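Notes to accompany the following structure.
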Amino acid sequence: MAASYPKAIVHFDGDAFFASVLQMMDHTLRGKPVITGGERGSATSLSYEAKALGLHRGMPMQEIRRIAPEAIIVPSDYTAYSIYARRMYAIVREFTPKVEEYSIDECFADITGLEDAFGMTYAEIVLCIKQKLEQSLGVTFGVGLASSKTLAKVASKYHKPAGLTLIPTERIEEILGQTAIYDVWGLGGVGGTKLNSLGVPTALDFIRKDDGWLKDNGFVKPQRDTWLELKGYYINPVRVGKHGEIGSVMKTRTFSPPSMERSFIFSQLSKNVEAACVKLRRAGLKARALSFYLKTQEFTYHAVQMDLPVALSTASEMLECIEKRFDEVYATEILYRATGVTLRALVTDSALTPDLFGEFEKRVQKNGSFDALDRLNKKYGNSTVFLASSLQALRAPELPRARKRRKGFLRQDLEHKKSLDIPFLGIAR
DNA sequence: TCTGGGGTCCTAGGACCC
DNA sequence: TCTGGGGTCCTAGGACCC
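In this note's numbering, the protein residues as written are 297 to 725.
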């Protein structure tokens, strides 16, 4: 009996990807319990040897050291991860150009209709790609083949690690009967809880409901699409190429303890704007719009959305615009715990057209590092002694140390905070 | 665990217009 | 001028993902 696939969609998922990459880069780590994310204080990725010790993702490092002193905590290396990711995409592309780079450790491929070209069944093609990935990268992969992305996702995590699972149409019900509704990609915690409370604990129970039931219970397009995909319909397409292009740039940071001091909160926001601009310039982009927000101690958000007069990539000029509207979100007597900024409507540098009044020309000349501080300082005057004093800090020789300390800042640092955080403001690079 | 950081997509609802 | 119906466009915010 030939297995039937209306579409042949494959999902590849690197097993314990970060930890595995680090084990490949350093052979002394192989076969050992490796944990990454030490710099954050909790585990980001764990090797299978580490998982076998009962350790799990999100576990505090302190606890890990207590439970498993033999565990090796290694700093993250995002450059290495992305090199491996690119190799992974390249290998899959040797078989088909229809590859979606979904994330740093996952991709989808559409191999529909390729049996004749390779003289193999879909299952054989998939096995062939899987073996090549594992041999070339030294990382094992969970691989799933089905007729939709959602089903392929179910398949790739069905057997771990190094699993290969096929879900042709005739096996859908069997597999989904063993798939918890919480584990279905796209439904999330809220949707999963809701379905569970409606008496739908598995994906099989879900696909057995009809369209009317979905509508009556308030399920909308994203859930309906997932429902269709689980039934085997190809709804969510494999998106070739487009991934990797940046649509928006965001920077957010929580600070502790929370604060109600306007100048401090504004400086936090400045820091985020600066960091976002660094990323923006690195990508050769400028933003025509942005939004910024303050997050209160109660986890409510207050945001302002604004268009920029011209496309910008420098923090100083964005901050001028932001300052004018900062008080729309900031209120005295309220404790805030985080700020954030999102740069949107991005355009490439080359596509930028100078505006009518020569603003563009003026801006080109203003690329000095201290420009931002000078202008802000002049603008705010006495009301922001804070910024003025930070200017001194910026020019002080111990800048590198101050920057470094910022990472793990402690309560004591708070007393001196004003001179610690501000160096970030206006360092244009 | 009193709740990280960086993204995308969808939708309800307001503004505006016939 | 008022009322109602019905489009379109835009945005804020929610939910989800890794």
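Glycine residues also receive a C-beta, built at the ideal position from the N, C-alpha and C atoms.
Bear in mind the structure is a predicted one, so any value in this text is a computation, not a measurement.
- The count of Cβ pairs closer than 8 Å, one atom from the segment 352 to 365 and one from the segment 498 to 517, stays below three, leaving the stretches out of contact.
- The beta carbon of residue 327 sits closer than 7 Å to those of 345, all from its chain and outside the five residues before and after it, given in chain order.
- Burial of residue 442 is indicated by the presence of at least 16 other C-beta atoms within 10 angstroms of its C-beta.
- Per the DSSP secondary-structure output, residue 325 pairs with nothing in a beta bridge.
- In this structure, the CA atom of residue 624 is about 11 Å from the CA atom of residue 601.
- When secondary structure is reduced to three states using DSSP, residue 406 falls in the strand class.
- Our two residues, residue 584 and residue 541, have alpha carbons roughly 17 Å apart in a direct line.
- Scanning 410, 588, 619 and 465 for the CA closest to the CA of residue 525 turns up 465.
- Residue 471 carries a helical assignment under DSSP once its states are collapsed to helix, strand and coil.
- Residue 507 counts as exposed, since fewer than 16 other C-beta atoms from the protein chains shown sit within 10 angstroms of its C-beta.
- Annotation for residue 339: 331, 333, 353 and 355 place their beta carbon closer than 6 Å to its own, counting only its chain and skipping 5 residues before and after.
- Counting only residues of its own chain and dropping the five nearest sequence neighbours on each side, residue 488 has a CB closer than 7 Å to the CB of 477 and 478.
- With a cutoff of 8 Å on beta-carbon distance, residue 561 and residue 635 are scored as near each other.
- Residue burial annotation: residue 387 is buried, with at least 16 other C-beta atoms found within 10 angstroms of its C-beta.
- Residue 571 has its alpha-carbon roughly 23 Å from the corresponding atom of residue 595.
- Straight through space, the alpha carbons of residue 306 and residue 348 are spaced by roughly 28 Å.
- Taking 8 Å as the cut-off, the beta carbon of residue 527 is found no closer than this to the beta carbon of residue 637.
- Per DSSP, reduced to three states, the secondary structure at residue 444 is coil, with no helix or strand assignment.
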